[in-house]
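Numbering (full-length UniProt numbering), first residue to last: 1 to 333. The beta carbon of each residue, even a glycine, is placed where N, CA and C say it ideally should be.
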């Protein structure tokens, strides 16, 4: 007779309650990522220097980074949660005696950033989604959201030198390392934001992210419209994209807006209602804000911001993929 341990009893109860991490494991072939992760995190890259902690499984560390992004945790908080939560350890595949510490988590994420190949992970999974027929290619929805980071309390003179890419006097090496000179300020609806933007193109039917781009916050949404969209598919976007070009043979459906002394006609209002019904399906940022605790960024610099956004968008697609599979859908073909 098999006697259940306390841990097994807890895990069994979590399964009964519907553990979302267990649902991901049920549909995901995580081995898909291993060859690319091995290339990025191989020992020849010397991710852990001499005297550091021993090599840890690449796939385990990748899942740690995804779990960290899911709960929007700092490195120290991630280490604590791995030590504290049995379900977290089961998901990433570690035990109490080999939980990665905060420094190791930072090193692996930084190595991913230094590789400059983080988007290959997103593209790899997107290829699987496409091969399984989960991308309908009957329309695409474009939108953007701010990625806020720590606000920079610089003087006007310091900001001018930063914009001119000049050395700021009084900033020693330690202070420069804490200054984000890539992020920019912008304003929307009377509220000021500092940081970056996550621009996404979403498949109209599947709600899966097809493409994305990362810019500073001050870059207007419309500036990356053409590069996000696929040719020969209708594009649905809001009034921020009025008058902007899309790829050849794309029907461009944009929310119309009123101007001074030129109110919307009944026809315009009807068109807007139609587009709004399509665009309301874009719940990407709703999921990110509610289920992934937002998309704030604790790091510094554009390169690390791209890694953060890549993990965010990849994780969204993984959760959406799980939902599609759970609902029994197979293919749009």
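Other residues of its chain near residue i: CB distance less than 7 Å, five sequence neighbours each side excluded
i	result
residue 217	146, 183, 184, 185, 186, 193, 194, 195, 196 and 197
residue 222	240, 241 and 244
residue 49	Because residue 49 carries a pLDDT of 46, less than 50, the predicted location of this residue cannot be relied on, and no value is offered for it.
residue 174	none
residue 307	109, 112, 113 and 118
residue 132	331
residue 47	Residue placement at residue 47 is poorly supported in this model, since its pLDDT is 48, which falls under 50; the coordinates still yield a value, given next. Within the same chain, residue 47 has close Cβ partners 41, 107, 108 and 111.
residue 293	71 and 72
residue 268	256
residue 272	255 and 256
Best match in the options for proximity to residue i [C-alpha to C-alpha]
i	options	result
residue 19	88, 288 and 308	88
residue 176	154, 264 and 188	154
residue 94	58, 71 and 121	58
residue 320	283, 98 and 309	283
residue 207	169, 70, 190 and 285	285
residue 250	232, 267 and 258	232
residue 63	24, 120, 273 and 189	24
residue 144	256, 323 and 219	219
residue 199	28, 84, 309 and 85	309
residue 60	99, 73 and 72	99
residue 246	168, 224, 269 and 172	224
residue 228	139, 36 and 258	139
residue 287	28, 71 and 36	71
residue 323	188, 134, 157 and 168	134
residue 152	167, 180, 172 and 248	180
residue 36	191, 238, 120 and 96	120
residue 248	258, 255, 256 and 234	234
residue 238	256, 226 and 230	256
residue 122	191, 212 and 156	212
Residues near residue i by beta carbon distance below 6 Å, same chain, minus five either side
i	result
residue 102	75, 76 and 79
residue 53	Because the pLDDT of residue 53 is 46, which lies under 50, any placement of that residue in the model is unreliable, and the number read from its coordinates should be weighed accordingly. So the qualifying residues of the chain are 104.
residue 210	201 and 203
residue 236	141, 253, 275, 278 and 279
residue 115	40
residue 81	88
residue 91	21
residue 329	none
residue 302	182
residue 325	27
residue 158	168
residue 83	99
Spatial neighbours of residue i in its chain, beta-carbon cut-off 8 Å, leaving aside the 5 residues before and after
i	result
residue 66	311, 314, 315 and 318
residue 305	147, 149, 182, 183, 195, 196, 214, 297 and 299
residue 178	300
residue 136	203, 204, 205, 206 and 332
residue 289	295
Extent of the continuous beta strand (DSSP E) to which residue i belongs
i	result
residue 213	209 to 216
residue 253	252 to 254
residue 187	184 to 188
residue 200	191 to 203
Unbroken alpha helix (DSSP H) run spanning residue i, endpoints
i	result
residue 58	58 to 71
residue 41	34 to 41
residue 235	Not the alpha helix (DSSP H): residue 235 falls in the beta strand (DSSP E), residues 235 to 237.
residue 285	284 to 291
residue 170	Here residue 170 belongs to no alpha helix (DSSP H), and DSSP marks it neither H nor E.
residue 296	Run containing residue 296: none; DSSP gives neither H nor E here.
residue 270	266 to 279
residue 321	302 to 326
residue 31	Neither: residue 31 is in no alpha helix (DSSP H) and is coded neither H nor E.
residue 81	75 to 84
residue 226	225 to 228
Exercise. Whole beta strand (DSSP E) runs in the stretch 86 to 154 with 3 or more residues, listed along the chain?
Worked result: 140 to 148
Exercise. Do three or more CB pairs link the stretch 161 to 173 to the stretch 106 to 124 at distances below 8 Å?
Worked result: no
Problem set entry | Cβ contact (3+ pairs, closer than 8 Å) linking the stretch 31 to 42 and the stretch 249 to 265 | no
For this session: Pair every Cβ in the stretch 118 to 133 with every Cβ in the stretch 27 to 35, then say whether three or more of these pairs are closer than 8 Å.
Result: yes
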